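Sequence lines, in order, name chains Z and C. Here the first sequence is numbered in our numbering, starting from 1 and rising by one per residue. Here the second sequence is numbered in our numbering, starting from 1 and rising by one per residue. Idealized CB from N, CA, C, for every residue including glycine. Small disclaimer: the values here were computed from a predicted structure and weren't measured.
2 protein chains.
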Amino acid sequence: MKRRSRSGSSTTPRARLWIERDNISILSDDGADLLEQIEATGSLSEAARRLRFSYRRAWMLLDDLNGGWDNPLVRTTVGGKRGGGATLTDFGVRVLRAFRDLQLQVEAAIDLELPAFRRATRPG
Amino acid sequence: MKRRSRSGSSTTPRARLWIERDNISILSDDGADLLEQIEATGSLSEAARRLRFSYRRAWMLLDDLNGGWDNPLVRTTVGGKRGGGATLTDFGVRVLRAFRDLQLQVEAAIDLELPAFRRATRPG
DNA sequence: CTTCGCTATATACAAATGTGCATAACGCTC
DNA sequence: GAGCGTTATGCACATTTGTATATAGCGAAG
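So, in structure tokens, the structure goes:
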């Protein structure tokens with residue numbers, strides 16, 4: 001019944017990626033999630049619900065996203081049949097895909113180096 | 001004198017790396033900076049000053065660092081000739097180096113993918 | 001045995017960030 | 001034009017995170 005320290009759980013490197021311009025973030029992980037759910041639902045409020053963001057936070061996030069790039073990533077409409085909606089622009093789709101691709105590359109780099117990291121940080 | 005939007009500043013991907021265990025962070029970027037300055041100065045308070053961390057924050061950070069791993073990363077002594085001090089253990093040195101190496105790999109992965117990212121997110 | 005500089009720790013405060021709720025405006029449908 | 005669901009926005013509040021400050025305790029050295 002030996003049980004020393006917390007050996008048994010392993011150390012895992014994690015990374016968070018974001019895009020900056022002029023030293024301010026114009027696309028974060030949360031932002032990408034939001035874009036994704038807007039693409040999936042066609043609605044900002046529904047996207048917020050699914051992500052358990054407050055609507056206000058989602059709206060401000062979206063505002064930053066749309067303001068940070070040369071072209072808007074999301075087009076919103078107010079009123080109308082279903083009350084309104086939000087959809088990704090073609091540019092928004094491209095940015096989202098590029099961000100996710102970059103994330104995958106970063107994850108891959110970490111996975112590649114993980115054995116060396118574990119070896120180097122083995123106690124003793 | 002055309003000047004449309006903010007074209008002229010470029011979008012740059014950034015990444016933050018940290019190490020988790022049981023879903024809690026046991027080494028962050030700030031933590032690595034702290035280890036580095038402890039290694040350089042032999043003092044927690046001096047390290048905090050250099051990094052412009054409040055001593056309290058530095059101390060709590062260090063507490064988390066030392067508690068998160070199977071072996072302590074930093075050994076502190078209190079009292080004595082110079083009042084006390086803090087020095088990295090051999091294990092601490094190895095962990096710090098491994099973390100910085102991993103960071104370099106992540107940065108390299110980003111740099112490698114940067115052209116493709118810029119191409120994909122070019123407006124139009 | 002006093003002094004010194006550092007670690008160790010508590011308490012009160014400040015700033016940033018996010019939540020919850022209220023409300024307005026909009027445009028289709030009935 | 002009343003009703004509906006959504007975007008758009010303000011405001012009061014809660015939570016988180018860090019700062020500032022004060023104090024105790026330690027151990028070598030004079």
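{"Query": "Per DSSP, Trp18 of chain C forms a beta bridge with which residues?", "Result": "Z:Arg14"}
{"Query": "For my contact list, Ala15 of chain C and Leu17 of chain Z are in at a C-beta cut-off of 8 Å; report their separation, rounded to the angstrom.", "Result": "5 Å"}
{"Query": "Would you report the Cα separation of Asn71 of chain Z and Phe53 of chain Z, rounded to the nearest angstrom?", "Result": "25 Å"}
{"Query": "Go ahead and label Thr77 of chain C buried or exposed: buried means 16 or more other beta carbons lie within 10 angstroms of its beta carbon, across all protein chains shown.", "Result": "exposed"}
{"Query": "So with Cβ pairs under 9 Å, would you call Ala39 of chain Z a contact of chain C?", "Result": "Residue identity differs from the one stated: residue 39 of chain Z is Glu in this sequence, not Ala. False, the Cβ-Cβ gap to chain C never drops below 9 Å."}
{"Query": "Would you be able to state if there are at least three C-beta pairs under 8 Å between the segment 25–44 of chain C and the segment 93–102 of chain C?", "Result": "yes"}
{"Query": "Taking the beta carbon of Gly182 of chain Z as the centre, do at least 16 other beta carbons fall within 10 Å, making it buried, or is it exposed?", "Result": "Because chain Z is modelled from 1 through 124, residue 182 of chain Z falls outside the range shown and cannot be assessed."}
{"Query": "Gly83 of chain C by DSSP, collapsed to three states: which one?", "Result": "coil"}
{"Query": "Could you say which of Z:Leu44, Z:Ala40 and Z:Pro13 lies nearest to Gly83 of chain Z if we only look at CA atoms?", "Result": "Z:Leu44"}
{"Query": "Can you tell me whether Leu73 of chain C is helix, strand or coil according to DSSP?", "Result": "coil"}
{"Query": "Compute the Euclidean distance between the alpha carbons of Ala98 of chain Z and Ser10 of chain C, then round it to the nearest angstrom.", "Result": "15 Å"}
{"Query": "Run the CB neighbour count on Gly8 of chain Z, radius 10 Å, all protein chains shown included, and call it buried at 16 or more, exposed below.", "Result": "exposed"}
{"Query": "Nearest to Ser25 of chain C by alpha carbon, out of Z:Pro13, Z:Ala86, Z:Asp29 and Z:Leu61?", "Result": "Z:Pro13"}
{"Query": "What three-state label does DSSP hand Ser45 of chain Z in the structure shown?", "Result": "helix"}
{"Query": "Taking a contact to mean a Cβ-Cβ separation below 9 Å, would you say Asp101 of chain Z touches Ala116 of chain C in this structure?", "Result": "yes"}
{"Query": "Nearest CA to the CA of Asn23 of chain C: which residue from C:Ile110, C:Gly68 and C:Gly42?", "Result": "C:Gly68"}
{"Query": "Check whether chain C comes within 9 Å of Asp70 of chain Z, counting only Cβ atoms and requiring the distance to be less than that.", "Result": "yes"}
{"Query": "Under 7 Å between beta-carbons, which chain Z residues line up against Pro13 of chain C? List them in chain order, please.", "Result": "Leu17, Ile19 and Leu102"}
{"Query": "Which residue or residues does DSSP assign as beta-bridge partners of Val78 of chain Z?", "Result": "Z:Gly84"}
{"Query": "Under 7 Å between beta-carbons, which chain C residues line up against Val95 of chain Z? List them in chain order, please.", "Result": "Thr121"}
{"Query": "Tell me which residues share the same chain as Glu39 of chain Z and place their Cβ nearer than 6 Å to its Cβ, disregarding the 5 neighbours each side in the sequence.", "Result": "Leu88"}
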